[in-house]
Each structure stands twice: as C-alpha cells, then as structure tokens.
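Start counting the sequence shown at 1; every next residue gets the next number (the UniProt record's numbering).
For each residue, glycine too, the CB sits at the ideal point set by N, CA and C.
As the structure is a computational prediction, the values presented were derived from the model and not from experiment.
Structure first, commentary second.
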Amino acid sequence: MSLIVDASVAIRWYVPEDGWREAEAILHEPDELLAPDLIIAEIGSAIWKRIRRGDIPSGFEAGLLERAASAFDVLVPSAELGADALKLALSVGHPIYDCLYLSLCRRENAGLVTADKRLAALAAEIGIITRLL
C-alpha cells in the first residue's frame, strides 16, 4: 500500500515534537511513501521558522532537505496534481497546498498520514483513509 505523508509528519522525522516517535516509525513500515514535491519547501519553511525562533540551532539544516527528499519513494510534481487540487480546494473551501496531498491520495488510492487535525477531518470527509498522529 502507498502512504501519502504531509509536512506536519515529515518535520517530526527531524525535530522532536509531539508524535515524533510515531512519525519516525512510518519510515520503517513497508509502505511506499509518496508526497507532492511541495513537501520539500514546506519542510524547509518549518525548519527556517524554528531556527528563527531559536528552537533549533543554525547549522541544523545542513543536508536536511536532501535527506528529506530521499526519505520518499516518490515525490510527485505538484504540476501533475494542480488542476485536481484546485478543483478540490474550491469545492471544499480549503487551501490548495493541502489539497495537493488529498489529490495525490485520490490519484494513488492511498491513505494519508498527518498531524493536522483539520486536514485529517477533511480527508476523512471525502473518503480518504487517514491516520492522525
């Protein structure tokens, strides 16, 4: 089975936040891990924010985005998902960047793993099997 992992989970692979053990365990499951390529920018933004706040030290980011990219079996170009994601975003009133993950779930008939309660609720509402960390 394929799993779509969002940035709220992937960031926990590198920063010890609530649910980090569960997030890390996903890396060792036999499932194929996929995400829209947007996830790399989202992880980078989350790391930038934590460094600016002083939560983690500068220098921590060295090589992190490359490691993050290699954690996935497939990073799907967002352009491939954009039309469906925009249609979904407009119909459910939710930002397109989250809808890229939902669009990928639907395309691949895959489950979603997220730590975002609002996204998990929306995914379940549209019939996507969801695991909330």
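Say whether the region 119 to 126 touches the region 92 to 111, bearing in mind that this needs 3 or more beta-carbon pairs closer than 8 Å, one atom from each stretch.
yes
Taking the Cβ atom as the reference point for each residue, do V5 and A35 lie within a distance shorter than 8 Å?
yes
Inter-residue Cα distance where the pair is H28 and I39:
19 Å
Pick out whichever of L33, G19, R118 has its Cα sitting closest to the Cα of E108.
L33
E24 - DSSP class collapsed to helix/strand/coil
helix
Is G111 helix, strand or coil when you go by DSSP?
strand
CA-to-CA distance, R50 to V113, given in whole angstroms
22 Å
Nearest-angstrom Cα distance between L102 and A110?
9 Å
Classify E125 as helix, strand or coil using the three-state DSSP reduction.
helix
Identify which residue in I11, R106, E22 has its Cα closest to the Cα of L65.
I11
Are the beta-carbon atoms of G59 and L133 separated by less than 8 Å?
no
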